[in-house]
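Residue numbers are given in the working numbering: position 339 of the sequence shown equals residue 964, and the series is strictly consecutive.
Using N, Cα and C, we set each Cβ at its ideal position, and we do this for glycine too.
Fair warning: this is a prediction, and the values are worked out from it, not measured in the lab.
Notes follow the structure.
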Amino acid sequence: MEPSRAASRPPLRVRGAAHRRRPTGLGTGRAAAGARQAAVQYAPGVRRPPPPKAAVRFARARVAARALAALLAFSPACGGEPPPAPATARAERGRIERVVVATGTIEPAKEVEVRPRIAGIVERILVREGDAVEKGQVLVEIERDLLEAQVLEARAARDEARIAQRFAASELERARRLVESKARSAQHLEDMQARFDGAVARVAKAEAALQNLETQLSYARVVSPLAGRVLDVPIEEGSAVAPVTAVTGGSLLLSLAATDALHLEGLVDENEIARVAVGQPARIRTEAFADRVFEGRVREIKPVGERVQNVTYFRVEIDVTDPDQERLQPRMSGDADIVTEVVEDAVAVPETALRYRGDEIFVVCPDGAAGAVERPVRIGIVDGSHVQILDGLAAGDTVLLP
């Protein structure tokens, strides 16, 4: 009889609580012996026996493997390539300039404040800040109703005075005829003459009053005294304004600037002002037109310095002579490079090629045999990026850059 499949199956191992409580690795046989050896080896006060030679060889192999892995990981970063060649530059001949920088703003050659000549209420403001205006253009209108009525009244008074003058003239002529015919005395003629002269004076007075009121009426339209640009409009429509007089300044309506002639008004450090002279050319740059250079020329150097944060500066005015100066606006920030010295055929290298050791200035040049060699140099003009070499290098020489 064949044994049943149930009898041939291996007995099931039940992992009960007793099995789970048994420490892992502390069984019977070789495992138990190893555990006991480890317990004795790491017990306090027990000296560890030296590891077997196989373990030492394994440890050394593991360290070598780790070092190799680190080297392989580091090699891609280095690329396994030699270090790049140092940066170099060549001494070249060309134009080099020494410049002095003036920092300031674009200013108009002429600036005026427009104030009213009559008192009244602002009815209309016809321009805004930044608008270009022509000479004679109406800028502001002041209410005219009262002045227009006064003008009409003055015209009527003038006409009345003229009528009285004509009547006095006819009476004077009649008095002359009567005196000639002995019908009236000479005194009567004198009275008529005085009456006529009074009528003439009253006509002149009426005409003067009318002319004055008409002039006042014309002042209700405030016009531009020059061609330029509006800088500021501090008033609003409906505001009451006072006229300018010999005693009071009156209300400020707006500010204008003549833009046909602009200049940069800038400050130059006292350490560099001695190099600046009237007539020197300048290159003007503004923040608004960062990619555009405007030509200029030094017009004036103020003789008295200004103290700014414990540093003395001198004010310099530079006329904008560029044909595109109409693109510039008053109050724009700008800098001017004032050209104080020019060398047309100079040997120059980048300023970064210079090296210093105490008072000595030198450059480093590549050398086939020695690798690199130091050369002392004597320098001249520095333009901010390149430096003139007066002695120590020739055109075409190569220098190393740091």
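What is the DSSP secondary structure of residue 811, reduced to helix, strand or coil? Residue numbering aside, residue 811 sits at position 186 when the sequence shown is read from its first letter. Three-state result, residue 811: helix.
For residue 894, three-class secondary structure by DSSP: Your numbering for residue 894 matches position 269 in the sequence shown. Reduced to three states, the DSSP call for residue 894 is strand.
Which runs of the alpha helix (DSSP H) spanning at least 4 residues fall entirely within the stretch 880-924, listed in chain order? Counting only runs that start and end inside the stretch 880-924, there is no alpha helix (DSSP H) element of at least 4 residues.
Residue 994 (DSSP reduced to helix, strand or coil): If you number the sequence shown from 1, residue 994 lands on position 369. The three-state secondary structure of residue 994, taken from DSSP, is coil.
DSSP three-state assignment for residue 862, whether helix, strand or coil: Numbered from 1 along the sequence shown, position 237 holds the residue referred to as residue 862. Residue state, collapsed to three classes: coil.
Could you check whether residue 865 and residue 746 sit closer than 7 Å to each other, using their CB atoms as the reference points? Along the sequence shown, one-based indexing puts residue 746 at 121. Along the sequence shown, one-based indexing puts residue 865 at 240. In this structure, residue 865 lies closer than 7 Å to residue 746 by Cβ.
Straight-line Cα distance separating residue 753 from residue 836: Reading the sequence shown from its first residue, position 211 is the one you call residue 836. Reading the sequence shown from its first residue, position 128 is the one you call residue 753. If I take the Cα positions, the gap works out to 32 Å.
Which residue wins for smallest C-alpha separation from residue 1020, given the options 833, 710, 716? If you number the sequence shown from 1, residue 1020 lands on position 395. Here the closest residue by C-alpha is 716.
Tell me the rounded alpha-carbon separation between residue 981 and residue 973. Taking the sequence shown and counting its residues from 1, the one referred to as residue 981 is at position 356. Taking the sequence shown and counting its residues from 1, the one referred to as residue 973 is at position 348. Rounded to the nearest angstrom, the two C-alpha atoms are 17 Å apart.
Reducing DSSP to helix, strand and coil, say where residue 965 ends up. As a first step, residue 965 is located in the sequence shown; it is residue number 340 there, counting from the start. Note: residue 965 maps to strand in three-state DSSP.
Which two residues bound the contiguous beta strand (DSSP E) that contains residue 736? Mapped onto the sequence shown, residue 736 falls at position 111. Residues 717-739.
C-alpha gap between residue 893 and residue 841, whole angstroms: For this step, residue 893 is matched to residue 268 along the sequence shown. For this step, residue 841 is matched to residue 216 along the sequence shown. So the alpha carbons of these two residues sit roughly 49 Å apart.
Check whether the stretch 852-868 and the stretch 878-888 are in contact - that is, three or more C-beta pairs closer than 8 Å. The stretch 852-868, when compared against the stretch 878-888, does touch it at the 8 Å Cβ threshold.
Just the Cα atoms here: how many angstroms apart are residue 760 and residue 847? If you number the sequence shown from 1, residue 760 lands on position 135. If you number the sequence shown from 1, residue 847 lands on position 222. Going by the C-alpha atoms only, they are around 11 Å apart.
Excluding five sequence neighbours on each side, which residues of the same chain lie with their C-beta closer than 6 Å to the C-beta of residue 817? Residue 817 sits at position 192 when you count from the first residue of the sequence shown. Around residue 817: 796, 797, 800.
In chain order, what are the residue ranges of uninterrupted alpha helix (DSSP H) at least 4 long that sit wholly in the stretch 763-818? Taking only runs of at least 4 residues, the alpha helix (DSSP H) segments lying wholly in the stretch 763-818 are 770-805.
What does a CB cutoff of less than 6 Å around residue 711 pick up in its chain, not counting 5 residues either side in sequence? Position 86 of the sequence shown, counting from 1, holds the residue named residue 711. So the qualifying residues of the chain are 1025.
If contact is defined by three or more beta carbon pairs under 8 Å, each pair taking one atom from either stretch, is the stretch 889-908 in contact with the stretch 717-730? Yes: the two stretches touch, three or more of their Cβ pairs being nearer than 8 Å.
The stretch 777-787 touching the stretch 803-823, judged by at least three CB pairs closer than 8 Å: Pairwise C-beta distances place the stretch 777-787 out of contact with the stretch 803-823, as fewer than three of them are shorter than 8 Å.
Whole-Å CB distance - residue 601 paired with residue 1010, under 8 Å assumed: This structure leaves residue 601 out entirely; the chain is present only between 626 and 1027.
Can you tell me whether residue 952 is helix, strand or coil according to DSSP? The residue you call residue 952 lines up with position 327 of the sequence shown. Reduced to three states, the DSSP call for residue 952 is helix.
Can you tell me which of the three DSSP states residue 843 falls into? Here the question's residue 843 lines up with position 218 in the sequence shown. In the structure shown, residue 843 sits in a helix (DSSP, three-state: H, G or I).
So, helix, strand or coil for residue 1022, using DSSP? The sequence position of residue 1022 within the sequence shown is 397, counting from 1. Note: residue 1022 maps to coil in three-state DSSP.
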